[in-house]
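Residues 1407 to 1500, numbered by our numbering, are exactly what the sequence shown covers, in order. Backbone N, C-alpha and C fix where the C-beta goes; we use that ideal spot for every residue, glycine too. All values derive from a computational prediction rather than experimental measurement. Data block below; observations after.
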Amino acid sequence: MKAQCDKCYEISSMIPKKKRLKNKVDKHYFECNHCNHIYVIGYTDDWIRRERNRLDKLNKRNVGSGLYEDKIKEKTKLIESKMNELKEKVEAST
Ligand SMILES: [Zn+2]
């Protein structure tokens, strides 16, 4: 993904990266390849990664049938709120 960096104003190929923090939390972020400024996308823990996998599977099964529409919406919301919670928790402790 090419984007202009807010820090150095260069057009950078923002490379998605992942860093393991404590408690098996992964930090997902883009890094500017000019000034190394970090843009945080979000954090995931075991629960979120597992539920995201399940969501992927549900999405695949939902294609064509539409049977899992409600379940997908519900799960997406739940995952989003857990990710917000985790973000607040991680950022409060660093
Ligand atoms: Zn930059």
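Mind checking whether Y1449 and K1483 have CB atoms under 8 Å apart? Here the question's residue 1449 lines up with position 43 in the sequence shown. Here the question's residue 1483 lines up with position 77 in the sequence shown. Cβ distance not < 8 Å, so Y1449 and K1483 don't count as in contact.
Alpha carbon to alpha carbon, how far is N1429 from V1496? Within the sequence shown, numbered from 1, the residue matching residue 1429 stands at position 23. Within the sequence shown, numbered from 1, the residue matching residue 1496 stands at position 90. Going from the Cα of N1429 to the Cα of V1496 covers about 10 Å.
C-alpha distance - E1416 paired with R1460, whole-angstrom precision: Position 10 of the sequence shown, counted from the first residue, corresponds to residue 1416. Position 54 of the sequence shown, counted from the first residue, corresponds to residue 1460. Answer to the nearest angstrom: the Cα atoms are 38 Å apart.
Assuming V1433 is part of the beta strand (DSSP E), what are its boundary residues? Taking the sequence shown and counting its residues from 1, the one referred to as residue 1433 is at position 27. Per the sequence shown, residue 1433 should be read as Lys rather than Val. Run containing K1433: D1432 to E1437, per the beta strand (DSSP E) assignment.
Can you look up T1500 in the DSSP assignment and give me helix, strand or coil? For the purposes of this step, residue 1500 is taken as the residue at position 94 of the sequence shown. Coil at T1500, not helix or strand.
If distances are taken between C-alpha atoms only, which option among R1467, Y1445 and V1431 comes closest to E1491? Reading the sequence shown from its first residue, position 85 is the one you call residue 1491. Checking every option, the nearest Cα to that of E1491 belongs to V1431.
Which residues in the same chain as M1407 place their Cβ atom closer than 6 Å to its Cβ, once the five residues preceding and following it in sequence are excluded? Locating residue 1407 in the sequence shown gives position 1, where the first residue counts as 1. Only M1420 meet the Cβ criterion.
Taking the alpha carbon of K1423 as the reference point, which residue from Q1410, D1412, I1444 and H1440 has its own alpha carbon closest? For the purposes of this step, residue 1423 is taken as residue 17 along the sequence shown, with counting starting at 1. For K1423, the nearest C-alpha among the options comes from I1444.
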